[in-house]
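Novice: To start, I am sharing the structure in question, which I have written as structure tokens.
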């Protein structure tokens with residue numbers, strides 16, 4: 001979602017610089033800065049940026065530097081001369097010093113309201129599109145790096161899940177052995193049928209078969225969505241939440257130290273995915 005784009009236009013009497021900066025945001029938060037004469041086009045600019053950038057905290061800036069003789073500010077000679085005349089009545093002073101004072105007083109300088117020249121605006125509009133193209137390109141380059149990072153981390157989660165699946169039979173056997181040892185330690189005769197029923201109950205309570213299947217499906221769905229041509233940042237965020245739920249459930253049900261270590265590694269990988277998810281449209 002982060003990016004930067006800039007274009008510069010050299011017109012006959014002015015230099016125009018257009019900048020676009022984008023940071024992460026849940027929605028489009030656009031801040032536009034431009035000279036007052038271009039404010040009439042602000043809505044058009046906002047619609048254009050929203051269409052191409054989608055969301056993000058976006059700063060749009062249009063700077064104008066006068067390079068020719070043309071200027072909209074004029075000295076009001078009549079007013080300035082009247083100020084100087086009045087100042088001379090108050091204090092003796094050099095005319096130059098009085099002029100410096102007079103030029104700062106109200107209405108000494110007037111600014112004529114300029115109308116936007118359509119030919120000039122056409123060039124500026126092209127410049128805005130150029131800046132948008134650059135920032136979109138910047139975002140795509142960043143997206144390629146993020147995509148590979150996601151692919152690597154999903155592959156890591158897949159590998160950890162395989163380890164969980166591989167050690168699960170030993171875990172269940174460990175649960176059975178602990179229960180049998182507990183019964184033996186209290187040196188009490190038990191009803192074998194009753195014991196088997198209780199054993200089945202506890203083993204079912206610790207069973208993670210459904211979680212393993214769902215987690216594997218969520219990881220595949222994440223990869224499938226990642227390879228889609230559409231912008232799916234929010235959707236990927238929802239899938240990562242489901243991945244987290246399954247990992248947490250496996251951790252709470254495992255009751256087996258080696259598996260819990262794998263769960264910790266899985267949580268670490270998922271947390272890194274969630275951090276990077278903030279950068280995805």
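In this note's numbering, the protein residues as written are 1 to 281.
Every residue gets a Cβ at the ideal spot worked out from N, C-alpha and C, and that includes glycine.
#1: Would you tell me roughly how many angstroms separate the C-alpha atoms of residue 172 and residue 242, rounded to the nearest one?
#2: Identify every run of the alpha helix (DSSP H) within the region 88-130, keeping only runs that are complete inside it and at least 4 residues long; order them along the chain.
#3: Quick one: what's got a C-beta closer than 6 Å to residue 61's C-beta in the same chain, skipping five residues either side?
#4: Using the rule of at least 16 other Cβ atoms within 10 Å of the residue's Cβ for burial, across every protein chain shown, is residue 238 buried or exposed?
#5: Taking the alpha helix (DSSP H) that residue 264 belongs to, which residues open and close that run?
#6: From residue 250 to residue 211, what distance separates their C-alpha atoms?
#7: Would you be able to state if there are at least three C-beta pairs under 8 Å between the region 260-273 and the region 151-159?
#8: Would you check if the distance between the CB atom of residue 231 and the CB atom of residue 281 is smaller than 8 Å?
#9: Check residue 289 in the structure and name its three-state DSSP category.
#10: Would you list the one or two residues that DSSP bridges to residue 15?
#11: Grouping DSSP H, G and I as helix and E and B as strand, with all else coil, what is residue 297?
#12: Alpha helix (DSSP H) containing residue 50: first to last residue?
#13: Indicate whether the contact test is met: 3 or more Cβ pairs, each with one atom in the region 204-219 and one in the region 126-140, closer than 8 Å.
#14: May I have the straight-line CA-CA distance separating residue 162 from residue 4, to the nearest angstrom?
#15: For residue 139, does the count of other Cβ atoms within 10 angstroms reach 16, so buried, or fall short, so exposed?
#16: Taking DSSP as the reference, what is the three-state secondary structure of residue 26?
#17: Round the Cβ separation of residue 55 and residue 23 to the nearest angstrom and send it over; I've been treating them as touching at under 8 Å.
#18: Given that a residue counts as buried once 16 or more other Cβ atoms are within 10 Å of its Cβ, and exposed if not, what is residue 145?
#19: Please determine, among 93, 98, 75, 127, the residue with the shortest C-alpha to C-alpha distance to residue 84.
#20: Is residue 45 near residue 150, with beta carbons less than 8 Å apart?
Specialist: Working from what's here:
#1: 25 Å
#2: 95-102
#3: 19, 33
#4: exposed
#5: 257-277
#6: 7 Å
#7: yes
#8: yes
#9: Since the displayed the chain opens at 1 and closes at 281, residue 289 lies outside it and no answer follows.
#10: 10, 65
#11: Here the chain covers residues 1 to 281 and nothing more, so residue 297 does not appear.
#12: 42-53
#13: no
#14: 41 Å
#15: buried
#16: coil
#17: Going by Cβ atoms, the distance from residue 55 to residue 23 rounds to 11 Å, so no, they are not a contact pair.
#18: exposed
#19: 98
#20: no
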